[in-house]
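**Student:** After the structure tokens below, expect a handful of questions from me.
Numbering (the numbering used here), first residue to last: 1 to 333.
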């Protein structure tokens, strides 16, 4: 079965064709990073307009790269949400047009579920499973007892971790996107500065707003006192504190759910080198659990993961008709 996936939830216009949930026949991603870095972050209206410009080209390029026509496609899958509403609408309308014109089944896909399912491209996922979704807009721990069930154990109470990286990068004058730059600088520094440790009510929940504010207050205090500080050390201190927040909750969840057989990571922040190191450390602590981090090509937003998620959703009976609309706050289900 060949599934055509369309992704447009934020600032990447992406189209991919995936065969039988494993074989990526093509993957086209038109990124807008160079445009949005001028503004220090994604501008929704600008992103929506660029999606309109890119979507037809991406569909055509994906079919050409896969050496396929729409007659070869069995299912059209598209990100319904969550994301930026204007951006989502572009992808949804394109998918509806394709499905209608070529008489193909239309399947709506949840963006976070797709990040989890991206791991299927490299390994057969085992259940019960614990997934960590870390991106610019989301930080969640998701428990899956089987392939199509989702229970959110914990989520951010304020900023997502990727958003916190970008805001701290802005404070430090590093520009957008901030995550890769802080990760690179942290490798050259040491966690010598004491920053506020986030507090949450829920055992599995996250919070990063206080940590972001702590970095800002630290820089202002040092300026007032006329003292200098090492940017690499501050980047390292922030990153270690942020990831400690993440991995303390992972430990809680793994200890509280001994039946878990597989732990996977998804989302753009899963490309972070220190996060990947800490997952490797977890392997030693929990030898009976399989740990998977997707390859770098599957971490950021792409349509291959949408096609994989669409395959699973289609096989489980999910369908949509021409009344399908985007949902910016669609909850995982």
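Note that beta-carbon positions come from the ideal geometry of N, C-alpha and C, so glycine has one too.
1. Let's see if you can read the secondary structure: which residues bound the alpha helix (DSSP H) around residue 185?
2. With burial defined as no fewer than 16 other Cβ atoms inside 10 Å of the residue's Cβ, what is the status of residue 140: buried or exposed?
3. Given residue 70, which residues of its chain have a CB within under 6 Å of its CB, disregarding the five upstream and five downstream residues?
4. Using a 10 Å radius around the Cβ and a threshold of 16 neighbouring Cβ atoms, would you call residue 81 buried or exposed?
5. Which of the three DSSP states, helix, strand or coil, is assigned to residue 77?
6. Starting from residue 38 and walking both ways along the beta strand (DSSP E), at which residues does that stretch end?
7. Measuring CA to CA, which of 23, 21, 2, 27 is closest to residue 14?
8. Could you give the first and the last residue of the continuous alpha helix (DSSP H) run that contains residue 251?
9. Rounded C-beta distance between residue 243 and residue 286? I'm assuming under 8 Å.
10. Helix or strand or just coil, what does DSSP make of residue 27?
11. Measuring CA to CA, which of 155, 56, 205, 25 is closest to residue 121?
12. Output the residue ranges of the beta strand (DSSP E) runs that lie fully inside the region 247-309 and measure 3 residues or longer, sorted by chain position.
13. Have a look at 250, 247, 12, 22 and flag the residue whose alpha-carbon is nearest the alpha-carbon of residue 33.
14. Taking residue 311 as the reference, give the member of 223, 229, 75, 263 with the closest Cα.
15. Would you call residue 51 buried or exposed, if buried means 16 or more other Cβ atoms sit within 10 Å of its Cβ?
16. Straight-line CA distance for residue 348 to residue 156?
17. What distance in whole Å lies between the Cβ atoms of residue 259 and residue 289, which are believed to be in contact at a cut-off of 8 Å?
18. Would residue 93 pass as an interface residue toward chain B - the criterion being a Cβ-Cβ separation below 8 Å?
19. Report the three-state DSSP secondary structure of residue 110 (helix, strand or coil).
20. When the distance is taken between beta carbons, is residue 200 closer than 8 Å to residue 206?
21. Who are the near neighbours of residue 57 in its chain, counting only those whose CB is closer than 8 Å to its CB and skipping five residues on each side?
22. Return the CA-CA distance between residue 303 and residue 226, expressed in angstroms with no decimal places.
23. Measuring CA to CA, which of 322, 313, 307 is closest to residue 23?
24. Please classify residue 294: is it buried, with 16 or more other beta-carbons within 10 angstroms of its beta-carbon, or exposed?
25. Taking the alpha helix (DSSP H) that residue 101 belongs to, which residues open and close that run?
26. Is it buried or exposed, residue 385, if we count other Cβ atoms within 10 angstroms and call 16 or more buried?
27. Assuming residue 269 contacts residue 161 (C-beta within less than 8 Å), just tell me the rounded distance between them.
28. What's the gap between the Cα of residue 193 and the Cα of residue 284?
29. Can you tell me which residues form a DSSP beta bridge with residue 140?
30. Nearest to residue 99 by CA position, among 73, 333, 326, 115, is which residue?
31. Does the ligand FAD have a heavy atom nearer than 7 Å to the CB of residue 10?
32. Can residue 235 and residue 182 be called in contact, C-beta distance under 8 Å?
33. In the structure shown, what three-state DSSP assignment does residue 160 receive?
34. Once DSSP output is grouped into helix, strand and coil, what is the label at residue 206?
**Tutor:** Reading it off the structure:
1. 179-186
2. buried
3. 102
4. buried
5. strand
6. Where residue 38 is concerned, there is no enclosing beta strand (DSSP E), given that its DSSP letter is neither H nor E.
7. 27
8. 231-256
9. At roughly 17 Å, the Cβ-Cβ gap does not stay under 8 Å, so residue 243 and residue 286 are not in contact.
10. strand
11. 25
12. 262-266, 290-292
13. 12
14. 75
15. buried
16. Because the chain here runs from 1 to 333, residue 348 falls outside it and cannot be looked at.
17. Residue 289 to residue 259, Cβ: 10 Å. No contact.
18. Absent from the structure: chain B. Only one protein chain is present.
19. strand
20. yes
21. 30
22. 49 Å
23. 307
24. buried
25. 85-102
26. Residue 385 lies beyond the stretch modelled for the chain, which goes from 1 to 333, so this question has no answer here.
27. 6 Å
28. 28 Å
29. 133, 155
30. 73
31. In the structure on display, the ligand FAD does not appear, and there are no ligands present to speak of.
32. yes
33. coil
34. strand
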